[in-house]
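Encoded as structure tokens, the structure appears first; notes follow it.
There are 2 protein chains.
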Amino acid sequence: MTTRITAVEKSAAKEAYDAFLASCPSRQLFSTLTDKWLLLVLNALAGGARRYSELNRLMAGVSPKMLTQTLRSMERNGIVTRTVEPTVPVTVTYEATDLGRSLFSVAEQFKAWAETNFDAVSAAREHYDSAKLRHSARPTRSPSPGRP
Amino acid sequence: MTTRITAVEKSAAKEAYDAFLASCPSRQLFSTLTDKWLLLVLNALAGGARRYSELNRLMAGVSPKMLTQTLRSMERNGIVTRTVEPTVPVTVTYEATDLGRSLFSVAEQFKAWAETNFDAVSAAREHYDSAKLRHSARPTRSPSPGRP
DNA sequence: CTGTATCCGGGCCGATACTG
DNA sequence: CAGTATCGGCCCGGATACAG
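Quick note, the sequences are listed as chains A and B, same order.
One point on numbering: in the numbering used here, the residue at position 7 of the first sequence is 7, and numbering is uninterrupted.
One point on numbering: in the numbering used here, the residue at position 131 of the second sequence is 131, and numbering is uninterrupted.
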């Protein structure tokens, strides 16, 4: 008469969340995390606290709307803190929380991977595209660049 | 005609890519990598090669359109291979390439983080939301003087 | 089984103008 | 400096229906 735990009870007690399941709340969080702006901000904050304008400069091409929106979301999720110093004009500083810092590693790996493997991916793309061209453009084998 | 290396040439030779820059091609790759479906597929393939229908089952809630679209993109980028066995009906198997396998680690960390830290994020959200409520609903704080 | 094609609504996101 | 507000286009992405 030892423990009699059903499969259902077990999964509810131990596995809890599974991002594979669309119905699982962690899936939504998973979606939120897979945001390029969020990951970029995390990479920027890995170097220490930053001011709004610094982030704006670092992440070239981000609009104020997206930057603010991203930062607000991160603040709400407990990933960054927002500190306002009552100077004139005001100075706002963003810094990662402990929770946010626990994401630094993966965020940096992401960015590093993209930068170091770009050439390999680029080569794969060309290979794939040229193969597709040969396959679709059946006629004589003249590499005519078909541009839709 | 001695070597005259400009700053541009130098950065192109050494630092090469910087995903922070909107103009950098690695930034685009960074964006495509931060896709929830891609990361989910990677998590699924970390357990070995999978068939189309298996992926469809594992990733509950994905539409055939998104699944195919994601797999095509990954194939083009050299992250997965697509193998067709001429059985009846056809059997299609997807498997990660070496390049794709080098992403397993980060993909799994991502999923794991979302699942293990959901509770913490959830708590942070409630704290943030309640704080905002107190701040915005400033009428009279407490059942007292609603001075006209 | 493994997709492809099409429709179409929602929201993402950039651009711009304005405020404290 | 650090945002907020608003508009509008574009693309994401689900729901079919259908083909090889």
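Every residue, glycine too, gets a C-beta built ideally from N, C-alpha and C.
Just so you know, these numbers come straight off a predicted model, no measurement behind them.
Contacts of residue i in chain B (Cβ-Cβ under 9 Å)
{"i": "V88/A", "result": "The premise fails here: V88/A is roughly 23 Å from chain B at the closest Cβ pair, so nothing lies under 9 Å."}
{"i": "P25/A", "result": "F118, S122"}
{"i": "L55/A", "result": "In chain order: nothing, as chain B lies at least about 10 Å away."}
Residue i: contacting residues in chain A (beta-carbon distance under 8 Å)
{"i": "E95/B", "result": "Chain A residues near E95/B: none, gap ~15 Å exceeds 8 Å."}
{"i": "V106/B", "result": "V106, Q109, F110, W113"}
{"i": "R50/B", "result": "What R50/B touches in chain A: nothing, since even the nearest Cβ is about 12 Å away."}
{"i": "T34/B", "result": "T34, D35, K36, L39, F110"}
{"i": "S31/B", "result": "K36"}
{"i": "L103/B", "result": "W113"}
Beta-carbon spacing of residue i, residue j below 8 Å
{"i": "V41/B", "j": "M74/B", "result": "yes"}
{"i": "A46/B", "j": "T93/B", "result": "no"}
{"i": "V62/B", "j": "G78/A", "result": "no"}
{"i": "R57/B", "j": "T91/B", "result": "no"}
{"i": "L33/B", "j": "F110/A", "result": "yes"}
{"i": "Y17/B", "j": "F104/A", "result": "no"}
{"i": "R125/A", "j": "R76/B", "result": "yes"}
{"i": "A114/A", "j": "F20/B", "result": "no"}
{"i": "N43/A", "j": "E85/A", "result": "no"}
In DSSP terms, what residue i is bridged to
{"i": "E115/A", "result": "E115/A is not bridged to any residue."}
{"i": "R82/B", "result": "Y94/B"}
{"i": "R50/B", "result": "Y94/B"}
Chain A contact residues for residue i, given Cβ-Cβ distances below 9 Å
{"i": "M74/B", "result": "None at all; the shortest Cβ gap to chain A is about 10 Å."}
Contacts around residue i, its chain only, beta-carbon distance under 7 Å, and the 5 residues preceding and following it disregarded
{"i": "D98/A", "result": "none"}
{"i": "S130/A", "result": "none"}
{"i": "R27/B", "result": "A19, L21"}
{"i": "C24/A", "result": "Y17, D18"}
{"i": "T116/B", "result": "none"}
Neighbour list for residue i in chain A, Cβ cutoff strictly below 7 Å
{"i": "N117/B", "result": "L99"}
{"i": "Y17/B", "result": "E115, F118"}
{"i": "N77/B", "result": "V121, A124, R125"}
{"i": "L42/B", "result": "Correct list: empty, because the minimum Cβ distance to chain A is about 11 Å."}
Residues near residue i in its chain [Cβ-Cβ closer than 6 Å; skip 5 each side]
{"i": "M66/B", "result": "W37"}
{"i": "A96/A", "result": "L45, V80"}
{"i": "Y128/A", "result": "none"}
{"i": "T83/A", "result": "T93"}
{"i": "L39/A", "result": "A107, F110"}
Within chain B, the residues that residue i reaches when beta carbons sit closer than 8 Å
{"i": "A60/A", "result": "F20, L21, A22, S23"}
Residue i beta carbon near the ligand FAD (any heavy atom closer than 7 Å)
{"i": "K65/A", "result": "What this structure holds is no ligand at all, so the ligand FAD is not there to describe."}
Same chain, Cβ closer than 8 Å to residue i, neighbours up to 5 away in sequence not counted
{"i": "F30/B", "result": "A19"}
{"i": "R72/A", "result": "none"}
{"i": "P64/A", "result": "N56"}
- Message: Restricting to runs no shorter than 3 residues, where is the beta strand (DSSP E) found entirely within the segment 25 to 69 of chain B?
- Response: Listed in chain order, there is nothing to give.
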